[in-house]
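Undergrad: If you count by UniProt numbering, then the sequence shown holds residues 1 to 280, one letter each, in order.
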Amino acid sequence: MPDDPKSRATKSTGSARRSTGSGPKNDPLVVPRETPSSGADILASPDYTFSMTELDNDSLRHEILSVAVSPDDEKLTQVQILGACGQDHAMMRIDHPVRLQVDGPLGDYAFAWCADLDVRLTGSVGHGVAEGLNSGAVRVRGNAGVGAGTAMSGGTLAIYGSANDRCGAAMRGGNIFVRGNVGDECGVGALGGMIVIGGDAGLRLGDAMSNVTVFIRGRAKTLADGVVEAPLRKREQLRLGLLLINASIRGDAKEFRRIVPEAMLQAEEASRGEVNPNWR
1 MPDDPKSRAT
11 KSTGSARRST
21 GSGPKNDPLV
31 VPRETPSSGA
41 DILASPDYTF
51 SMTELDNDSL
61 RHEILSVAVS
71 PDDEKLTQVQ
81 ILGACGQDHA
91 MMRIDHPVRL
101 QVDGPLGDYA
111 FAWCADLDVR
121 LTGSVGHGVA
131 EGLNSGAVRV
141 RGNAGVGAGT
151 AMSGGTLAIY
161 GSANDRCGAA
171 MRGGNIFVRG
181 NVGDECGVGA
191 LGGMIVIGGD
201 AGLRLGDAMS
211 NVTVFIRGRA
221 KTLADGVVEA
231 PLRKREQLRL
241 GLLLINASIR
251 GDAKEFRRIV
261 PEAMLQAEEA
271 SRGEVNPNWR
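1. Among residues of its own chain, excluding the 5 on either side of F111, which ones have a beta-carbon nearer than 6 Å to its beta-carbon?
2. Can G218 and G202 be called in contact, C-beta distance under 8 Å?
3. Classify V69: buried if its beta carbon has 16 or more other beta carbons within 10 angstroms, exposed otherwise.
4. Would F256 pass as a contact of I195 if the rule is Cβ separation under 8 Å?
5. Starting from the Cα of G173, find the closest Cα among L265, T150 and I159 and give me that residue.
6. On the DSSP bridge assignment, give the partners of R239 in chain order.
7. So is H127 buried or exposed if we call it buried at 16+ other beta carbons inside 10 Å?
8. Keeping to the same chain, check which residues put their C-beta closer than 6 Å to that of L244; ignore five residues upstream and five downstream.
9. Count the other C-beta atoms from every protein chain shown that fall within 10 angstroms of the C-beta of D73, then say buried if there are 16 or more, exposed otherwise.
10. Could you give the uninterrupted runs of the beta strand (DSSP E) lying entirely in the segment 184 to 272, keeping only those of 3 residues or more?
11. To the nearest angstrom, how far is the alpha carbon of D60 from that of F50?
12. How many angstroms separate the CA atom of S162 from the CA atom of M152?
13. Once DSSP output is grouped into helix, strand and coil, what is the label at D118?
14. Nearest to G147 by alpha carbon, out of G154, C167 and G132?
15. In terms of alpha-carbon separation, which member of G107, Q101, C114 and I159 lies closest to S248?
16. Determine the closest residue to K234 out of G226, L223, A220 and A253, with distance taken between C-alpha atoms.
Put into C-alpha coordinates, the structure is as follows:
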(Lines of atoms letter the chains of each structure in order from A and count residues from 1; the text may use other names and numbers.)
(Lines give C-alpha, C1' and ligand atoms only; values in the text may rest on other atoms or scores of the structure.)
Protein backbone atom coordinates (compact mmCIF):
# COMPACT_ATOMS: atom_id res chain seq x y z
CA MET A 1 0.00 0.00 0.00
CA PRO A 2 1.50 3.40 -0.93
CA ASP A 3 2.31 5.74 1.88
CA ASP A 4 -0.08 8.53 2.72
CA PRO A 5 1.98 11.70 2.07
CA LYS A 6 0.89 13.21 5.35
CA SER A 7 1.99 10.10 7.22
CA ARG A 8 5.50 10.62 5.84
CA ALA A 9 5.58 14.16 7.18
CA THR A 10 6.48 14.99 10.73
CA LYS A 11 3.96 17.26 12.42
CA SER A 12 5.70 20.17 14.07
CA THR A 13 4.68 21.97 17.27
CA GLY A 14 7.72 24.17 17.77
CA SER A 15 7.59 27.91 18.30
CA ALA A 16 7.87 30.43 15.50
CA ARG A 17 11.25 31.29 14.00
CA ARG A 18 11.49 34.99 13.39
CA SER A 19 13.83 36.47 10.83
CA THR A 20 16.48 38.81 12.16
CA GLY A 21 17.65 40.96 9.26
CA SER A 22 21.38 41.07 8.75
CA GLY A 23 21.70 44.68 7.62
CA PRO A 24 23.21 47.36 9.89
CA LYS A 25 20.81 49.75 11.56
CA ASN A 26 22.06 52.72 9.51
CA ASP A 27 21.59 50.92 6.20
CA PRO A 28 18.30 52.14 4.67
CA LEU A 29 17.97 49.00 2.56
CA VAL A 30 17.40 46.47 5.30
CA VAL A 31 15.39 43.31 5.67
CA PRO A 32 12.73 43.94 8.32
CA ARG A 33 12.65 41.71 11.35
CA GLU A 34 8.97 41.14 10.79
CA THR A 35 6.84 42.05 7.77
CA PRO A 36 3.32 41.22 6.61
CA SER A 37 4.74 38.63 4.22
CA SER A 38 7.47 37.19 6.41
CA GLY A 39 6.30 37.62 9.98
CA ALA A 40 5.89 35.28 12.89
CA ASP A 41 3.23 33.21 11.11
CA ILE A 42 5.71 31.89 8.49
CA LEU A 43 6.09 28.50 10.09
CA ALA A 44 4.76 28.97 13.60
CA SER A 45 3.34 25.48 13.26
CA PRO A 46 4.30 23.85 9.94
CA ASP A 47 1.72 21.52 8.48
CA TYR A 48 4.37 19.19 7.06
CA THR A 49 8.07 18.63 7.67
CA PHE A 50 10.34 16.71 5.27
CA SER A 51 14.04 15.94 5.50
CA MET A 52 16.40 16.10 2.52
CA THR A 53 18.64 13.58 4.26
CA GLU A 54 15.87 10.97 4.06
CA LEU A 55 14.42 11.75 0.61
CA ASP A 56 16.15 12.08 -2.77
CA ASN A 57 15.20 14.95 -5.10
CA ASP A 58 12.47 13.06 -6.94
CA SER A 59 10.91 11.72 -3.75
CA LEU A 60 10.96 15.12 -2.09
CA ARG A 61 9.34 16.72 -5.14
CA HIS A 62 6.63 14.04 -5.10
CA GLU A 63 5.92 14.61 -1.41
CA ILE A 64 5.64 18.38 -1.86
CA LEU A 65 3.30 17.99 -4.83
CA SER A 66 1.16 15.66 -2.70
CA VAL A 67 0.68 18.22 0.06
CA ALA A 68 -2.90 19.43 0.41
CA VAL A 69 -3.47 22.99 -0.76
CA SER A 70 -4.97 25.35 1.79
CA PRO A 71 -8.56 26.43 1.02
CA ASP A 72 -7.67 29.88 2.39
CA ASP A 73 -5.93 31.97 -0.27
CA GLU A 74 -4.56 34.25 2.45
CA LYS A 75 -2.72 31.46 4.28
CA LEU A 76 -0.67 28.93 2.34
CA THR A 77 -0.01 25.41 3.57
CA GLN A 78 3.26 25.51 5.52
CA VAL A 79 5.99 23.00 4.64
CA GLN A 80 9.32 22.86 6.46
CA ILE A 81 12.33 21.34 4.67
CA LEU A 82 15.24 20.17 6.84
CA GLY A 83 18.63 18.74 5.95
CA ALA A 84 19.69 21.20 3.24
CA CYS A 85 23.47 20.98 2.89
CA GLY A 86 24.37 22.07 -0.63
CA GLN A 87 22.39 19.56 -2.71
CA ASP A 88 22.12 20.34 -6.45
CA HIS A 89 18.84 20.39 -8.44
CA ALA A 90 16.75 20.66 -5.28
CA MET A 91 13.00 21.21 -5.55
CA MET A 92 12.94 21.85 -9.30
CA ARG A 93 9.78 21.93 -11.45
CA ILE A 94 7.29 22.28 -8.61
CA ASP A 95 4.01 23.93 -9.59
CA HIS A 96 2.09 23.94 -6.31
CA PRO A 97 0.77 26.84 -4.17
CA VAL A 98 2.40 26.03 -0.83
CA ARG A 99 4.99 27.81 1.30
CA LEU A 100 8.38 26.17 1.81
CA GLN A 101 10.78 27.10 4.59
CA VAL A 102 14.19 25.62 3.81
CA ASP A 103 16.91 25.78 6.46
CA GLY A 104 20.45 25.44 5.13
CA PRO A 105 22.40 26.06 1.90
CA LEU A 106 21.57 24.55 -1.48
CA GLY A 107 23.64 23.93 -4.62
CA ASP A 108 22.97 24.62 -8.30
CA TYR A 109 19.54 25.10 -9.92
CA ALA A 110 17.54 25.21 -6.71
CA PHE A 111 13.84 25.95 -7.38
CA ALA A 112 14.39 26.10 -11.16
CA TRP A 113 11.30 26.13 -13.39
CA CYS A 114 8.85 26.45 -10.52
CA ALA A 115 5.45 28.15 -10.38
CA ASP A 116 3.07 29.27 -7.61
CA LEU A 117 5.57 28.21 -4.94
CA ASP A 118 6.41 30.58 -2.06
CA VAL A 119 9.96 29.78 -0.88
CA ARG A 120 11.90 31.15 2.11
CA LEU A 121 15.47 29.83 2.11
CA THR A 122 17.83 30.55 5.00
CA GLY A 123 21.23 29.92 3.45
CA SER A 124 23.17 30.58 0.26
CA VAL A 125 22.59 28.94 -3.13
CA GLY A 126 24.74 27.93 -6.09
CA HIS A 127 24.30 28.74 -9.76
CA GLY A 128 20.96 29.10 -11.53
CA VAL A 129 18.67 29.63 -8.56
CA ALA A 130 15.06 30.13 -9.72
CA GLU A 131 16.03 29.67 -13.37
CA GLY A 132 12.88 29.74 -15.51
CA LEU A 133 10.69 30.86 -12.59
CA ASN A 134 7.15 31.30 -13.90
CA SER A 135 5.27 32.67 -10.89
CA GLY A 136 5.38 32.70 -7.11
CA ALA A 137 8.27 33.94 -4.99
CA VAL A 138 11.73 32.72 -3.99
CA ARG A 139 13.45 34.57 -1.14
CA VAL A 140 17.07 33.72 -0.35
CA ARG A 141 18.61 34.95 2.89
CA GLY A 142 22.15 34.42 1.66
CA ASN A 143 24.22 34.80 -1.50
CA ALA A 144 23.59 33.40 -4.98
CA GLY A 145 25.96 32.10 -7.66
CA VAL A 146 26.05 32.76 -11.40
CA GLY A 147 22.82 33.15 -13.39
CA ALA A 148 20.31 33.84 -10.64
CA GLY A 149 16.88 34.19 -12.20
CA THR A 150 18.03 33.26 -15.71
CA ALA A 151 15.15 33.05 -18.21
CA MET A 152 12.50 33.68 -15.57
CA SER A 153 9.18 34.83 -17.02
CA GLY A 154 7.29 35.88 -13.90
CA GLY A 155 7.25 35.89 -10.13
CA THR A 156 9.71 37.41 -7.69
CA LEU A 157 13.28 36.42 -6.83
CA ALA A 158 14.69 38.24 -3.79
CA ILE A 159 18.30 37.70 -2.71
CA TYR A 160 19.17 39.31 0.60
CA GLY A 161 22.91 38.88 0.03
CA SER A 162 24.83 39.35 -3.23
CA ALA A 163 24.55 37.65 -6.63
CA ASN A 164 27.33 36.63 -9.01
CA ASP A 165 27.64 37.25 -12.77
CA ARG A 166 24.77 37.20 -15.28
CA CYS A 167 22.00 37.73 -12.76
CA GLY A 168 18.73 38.03 -14.65
CA ALA A 169 20.21 36.88 -17.95
CA ALA A 170 17.61 36.32 -20.68
CA MET A 171 14.74 37.01 -18.28
CA ARG A 172 11.40 37.68 -19.96
CA GLY A 173 9.38 38.97 -17.04
CA GLY A 174 9.10 39.08 -13.28
CA ASN A 175 11.14 40.96 -10.71
CA ILE A 176 14.60 40.35 -9.24
CA PHE A 177 15.77 42.07 -6.06
CA VAL A 178 19.37 41.85 -4.84
CA ARG A 179 20.09 43.59 -1.56
CA GLY A 180 23.87 43.51 -2.06
CA ASN A 181 26.06 43.59 -5.16
CA VAL A 182 25.75 41.85 -8.51
CA GLY A 183 28.55 40.66 -10.79
CA ASP A 184 29.26 41.29 -14.46
CA GLU A 185 26.68 41.30 -17.26
CA CYS A 186 23.65 41.63 -15.04
CA GLY A 187 20.53 41.50 -17.19
CA VAL A 188 22.39 40.35 -20.31
CA GLY A 189 19.93 39.54 -23.09
CA ALA A 190 16.90 40.22 -20.90
CA LEU A 191 13.68 40.94 -22.79
CA GLY A 192 11.34 42.01 -20.00
CA GLY A 193 10.99 42.44 -16.27
CA MET A 194 12.72 44.50 -13.63
CA ILE A 195 15.96 44.20 -11.66
CA VAL A 196 16.60 46.08 -8.41
CA ILE A 197 20.17 46.25 -7.08
CA GLY A 198 20.80 47.57 -3.59
CA GLY A 199 24.59 47.66 -3.96
CA ASP A 200 27.00 47.91 -6.89
CA ALA A 201 27.14 46.16 -10.27
CA GLY A 202 30.07 44.82 -12.27
CA LEU A 203 30.94 45.28 -15.93
CA ARG A 204 28.53 45.72 -18.85
CA LEU A 205 25.36 46.19 -16.87
CA GLY A 206 22.35 45.63 -19.15
CA ASP A 207 24.23 44.21 -22.13
CA ALA A 208 21.78 43.62 -25.03
CA MET A 209 18.73 44.01 -22.81
CA SER A 210 15.41 45.25 -24.20
CA ASN A 211 12.29 46.59 -22.46
CA VAL A 212 13.88 46.04 -19.04
CA THR A 213 14.33 48.52 -16.21
CA VAL A 214 17.21 48.29 -13.74
CA PHE A 215 17.17 50.27 -10.50
CA ILE A 216 20.55 50.51 -8.80
CA ARG A 217 21.45 52.22 -5.53
CA GLY A 218 25.22 51.91 -5.91
CA ARG A 219 27.45 52.21 -8.97
CA ALA A 220 28.12 50.05 -12.00
CA LYS A 221 31.70 49.56 -13.18
CA THR A 222 30.46 50.05 -16.74
CA LEU A 223 27.16 50.25 -18.56
CA ALA A 224 26.83 48.19 -21.72
CA ASP A 225 26.59 49.91 -25.10
CA GLY A 226 23.08 51.16 -25.79
CA VAL A 227 22.15 51.44 -22.10
CA VAL A 228 21.75 54.80 -20.37
CA GLU A 229 20.74 56.34 -17.08
CA ALA A 230 17.20 57.72 -17.23
CA PRO A 231 15.40 60.23 -15.01
CA LEU A 232 13.77 58.73 -11.94
CA ARG A 233 10.38 60.34 -12.20
CA LYS A 234 7.77 60.41 -9.44
CA ARG A 235 5.86 57.58 -11.07
CA GLU A 236 8.98 55.42 -11.08
CA GLN A 237 9.68 56.25 -7.43
CA LEU A 238 6.20 55.09 -6.43
CA ARG A 239 6.53 51.97 -8.53
CA LEU A 240 9.89 51.10 -7.00
CA GLY A 241 8.63 51.80 -3.49
CA LEU A 242 5.80 49.30 -3.93
CA LEU A 243 8.19 46.72 -5.32
CA LEU A 244 10.53 47.11 -2.35
CA ILE A 245 7.60 46.54 0.00
CA ASN A 246 6.60 43.45 -1.98
CA ALA A 247 10.12 42.06 -1.52
CA SER A 248 9.98 42.75 2.24
CA ILE A 249 12.76 45.33 1.96
CA ARG A 250 12.79 48.77 3.57
CA GLY A 251 14.50 51.37 1.42
CA ASP A 252 14.10 54.87 0.02
CA ALA A 253 13.31 54.77 -3.68
CA LYS A 254 14.86 58.22 -4.15
CA GLU A 255 18.32 56.75 -3.54
CA PHE A 256 18.14 54.60 -6.68
CA ARG A 257 19.04 55.43 -10.27
CA ARG A 258 17.15 54.06 -13.26
CA ILE A 259 19.03 52.29 -16.05
CA VAL A 260 17.20 51.47 -19.29
CA PRO A 261 17.97 50.72 -22.95
CA GLU A 262 18.51 53.95 -24.87
CA ALA A 263 15.74 53.07 -27.33
CA MET A 264 13.33 52.63 -24.42
CA LEU A 265 14.19 56.10 -23.07
CA GLN A 266 13.76 57.66 -26.51
CA ALA A 267 10.32 56.07 -26.83
CA GLU A 268 9.37 57.44 -23.39
CA GLU A 269 10.51 60.93 -24.33
CA ALA A 270 8.66 60.81 -27.63
CA SER A 271 5.42 59.82 -25.90
CA ARG A 272 5.86 62.74 -23.47
CA GLY A 273 6.65 65.18 -26.26
CA GLU A 274 10.19 65.76 -24.97
CA VAL A 275 12.95 66.86 -27.33
CA ASN A 276 16.67 66.59 -26.74
CA PRO A 277 18.28 69.14 -29.13
CA ASN A 278 21.62 68.33 -30.68
CA TRP A 279 23.62 71.56 -30.60
CA ARG A 280 26.37 71.60 -33.20
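From the three backbone atoms N, C-alpha and C, an ideal C-beta is built for every residue, glycine too.
Remember, it's a predicted structure, so these values are computed and weren't measured experimentally.
TA: This is what the structure gives:
1. M91, V119, A130 and V138
2. At a Cβ-Cβ threshold of 8 Å, G218 and G202 do not count as neighbours.
3. exposed
4. no
5. G173 has its Cα closest to that of T150, out of L265, T150 and I159.
6. Bridge partners of R239: none, in fact.
7. Looking at its Cβ environment, which holds 16 or more other Cβ atoms inside 10 Å, H127 is buried.
8. Excluding residues within five positions, the ones whose Cβ falls inside 6 Å are G251.
9. exposed
10. 193 to 197, 212 to 216, 227 to 230 and 257 to 261
11. Before going further, note that residue 60 is Leu rather than Asp in the sequence given. Approximately 8 Å between the Cα atoms of the pair.
12. 18 Å
13. strand
14. C167
15. I159
16. A253
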